[in-house]
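According to my numbering, the sequence shown is numbered sequentially starting from 398.
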Amino acid sequence: MQELFELVRQIIDPEQIIRVGGLALVTAVVFAETGLMIGFFLPGDSLLFTVGLFCALGILPVEVGWVLLALTAAAIVGDQVGYWTGRMLGQKLFEKQDSRFFKRKYLDQTRAFYERWGATAIVLGRFVPIVRTFAPILAGAVQFPTRKFLLYNAGGGLLWVVSLILAGYGLGSAFPWLRKYVELIALGIIVLSILPIVRTWWKERALLRQTSRTSS
């Protein structure tokens with residue numbers, strides 16, 4: 398069990414991903430996290446920020462322009478794969494039972510995000526873990542227009558990748574000592590990114606309690 402926990406920790410550790418596989422592995426992780434249902438647990442925001450930071454510090458010896466190009470492409474292609482997965486599954490997606498890699502609550506959280514933000518959820522969802530993975534799948538399942546999805550997908554993917562990588566790159570260039578706190582920074586980014594999910598859950602719970610009181 399100890400070995401399993403250690404393996405999971407390494408898989409979701411942005412620094413470990415970069416050191417083990419470089420840009421190639423980072424590209425694969427970004428694709429999997431945005432395009433495959435089983436990729437929801439992989440790091441996204443924290444990974445991109447750390448990539449930018451490591452580019453600035455020379456730990457990842459690749460020009461930041463090539464990094465931006467590769468990861469933007471991975472993010473866009475990943476979402477397109479998720480979209481077409483949803484198109485193929487259709488209504489079967491809503492009948493799917495919970496499993497180790499799929500939880501119905503993830504779909505419900507994404508649907509609630511869509512209901513609040515509409516089509517812009519495809520762009521805004523890029524910055525929210527779990528929603529980022531399931532938003533394109535849900536869009537495909539409800540037959541969201543293909544061309545319109547591609548437009549929002551490309552814009553969202555570009556904004557997500559460029560903003561986080563350049564944030565890391567800029568801060569790394571200005572404050573090299575941030576390297577010592579990369580784990581704390583990654584944890585902080587994760588906490589900030591899940592706040593929208595926690596807020597939505599809290600509101601739904603409060604509404605449910607209010608409804609129960611009214612009915613009783």
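The beta-carbon is built from N, C-alpha and C at its ideal position, and this holds for glycine as well.
All values reported here derive from a predicted model rather than from experimental measurement.
According to the DSSP assignment, K545 belongs to the alpha helix (DSSP H) that extends over 543–571. For Q506, the closest of G475, K489, I527 by C-alpha to C-alpha distance is I527. Rounded to the nearest angstrom, the Cβ distance from V448 to V464 is 6 Å, consistent with a contact under 8 Å. Residue environment: E430 is assigned as buried (16 or more neighbouring CB atoms within 10 Å of its CB, all protein chains considered).
A Cβ-Cβ contact shorter than 9 Å links L420 with A467.
A check of alpha carbon separations from L422 across T517, L504, L445 identifies L445 as the nearest. Distances from the alpha-carbon of T530 to those of Y578, V461, D442 put D442 closest.
The beta-carbon separation of L568 and L486, rounded to 40 Å, does not stay under the 8 Å limit for a contact. DSSP places E412 inside the alpha helix (DSSP H), whose first and last residues are 411–432. With respect to the 9 Å criterion, A518 and D476 are not classified as neighbours on the basis of their beta carbons. In the three-state scheme derived from DSSP, where H, G and I count as helix and E and B as strand, E580 is classed as helix. Taking the Cα positions, C452 is about 13 Å away from V579.
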